[in-house]
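Mapping the sequence shown onto the numbering used here, position 239 (from 1) lands on 323, and the numbers just tick up by one.
We treat Cβ as the ideally placed atom computed from N, Cα and C, and that holds for glycine.
Below: the structure, in structure tokens.
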Amino acid sequence: MNRHRIPAAPPIPELGASHPYLPYRFVDRGYMVIVYESEAAAIRAAVPEPLIPDPSNRVSCEWIRMANPSGVGDHTRSSVVIACSFHGRPCDFATQMYADDDPPHAVGFARKHARPNLAIARNTLVGTLDHAGRRIATGTVAYKHALYDGGWSNLEASLRRPRCRLKVIPNIDGGQAIAQLVGVEPADVTVKGSWSGPARLDLVPHVDAPVADLPVRRIIGGRHFVADLTLPADHVLVDYLEHRDLRQAA
85 MNRHRIPAAP PIPELGASHP YLPYRFVDRG YMVIVYESEA AAIRAAVPEP
135 LIPDPSNRVS CEWIRMANPS GVGDHTRSSV VIACSFHGRP CDFATQMYAD
185 DDPPHAVGFA RKHARPNLAI ARNTLVGTLD HAGRRIATGT VAYKHALYDG
235 GWSNLEASLR RPRCRLKVIP NIDGGQAIAQ LVGVEPADVT VKGSWSGPAR
285 LDLVPHVDAP VADLPVRRII GGRHFVADLT LPADHVLVDY LEHRDLRQAA
């Protein structure tokens, strides 16, 4: 391979690249989101500076069924997401993500391989998450219990809300090659259906998949919606290797 081709080469392995480059388009992306109130101290411990946790102490446990995406294949994801702000702008911080497909890991999303599942069981929408042979999360929402009364335009705006995550990649010498807070803002969002309903959530302690480290103190509600959106490339919000003093970076 010519050395000048390497910076523009497809993701490794070059023969049979693991994924194409962003952006990716998602069609009929199905969501189940359970919003709950957690403990302020646990949230502060999970949120990196300079993000500021929302004073409501709201956390979302979500399951997303992606049967028709471009680039990353048919898969399901489960995430734990904390409501935050960055320089006064509302955002969401994905503190934990789990998926059952390889390309989402290879593309650089900070996810663990697990077995999330989202299915309809008669009149109940059921989300489960298994890791290392153990069931660590079960969420249930009454299926299409009521039309979502928050307005589709508001829901579309919430889906365009910046989603932040940490991107930490080691160097070959054992140090850090990349230590960044990155964000992405989904585009071309269209909500096709949206419902709300009563919800329950059971989180089980697990050392390698610590979803229960943000304990459930009060269930706020459940949502189920279907949407199309485009996922563009991330942008760097904070480079921790350049800004050792995070308060100056903020």
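{"Query": "Who does T224 pair with in a DSSP beta bridge?", "Result": "V210, R284"}
{"Query": "Please report the straight-line C-alpha distance between A296 and R149, rounded to a whole angstrom.", "Result": "22 Å"}
{"Query": "Tell me the rounded alpha-carbon separation between P107 and H319.", "Result": "13 Å"}
{"Query": "Out of curiosity, what's the CA-to-CA distance linking A129 and A151?", "Result": "34 Å"}
{"Query": "Do V273 and L321 have their C-beta atoms within less than 8 Å of each other?", "Result": "no"}
{"Query": "Give me the DSSP bridge partner(s) of L315.", "Result": "Y108"}
{"Query": "At which residue ranges does the segment 148 to 196 contain complete beta strand (DSSP E) runs of 3 or more residues, listed in the order of the chain?", "Result": "159 to 170, 173 to 183"}
{"Query": "Under the DSSP definition of a beta bridge, which residues are partnered with S144?", "Result": "V119, V165"}
{"Query": "Please confirm whether G172 and V310 have their CB atoms less than 8 Å apart.", "Result": "no"}
{"Query": "Rounded to whole angstroms, what is the Cα-Cα separation between R302 and S242?", "Result": "22 Å"}
{"Query": "Mind checking C206: buried by the 16 CB within 10 Å criterion, or exposed?", "Result": "According to the sequence displayed, residue 206 carries Arg and not Cys. R206 comes out exposed."}
{"Query": "Measure the C-alpha to C-alpha separation of T222 and N201 and round it to an integer number of angstroms.", "Result": "10 Å"}
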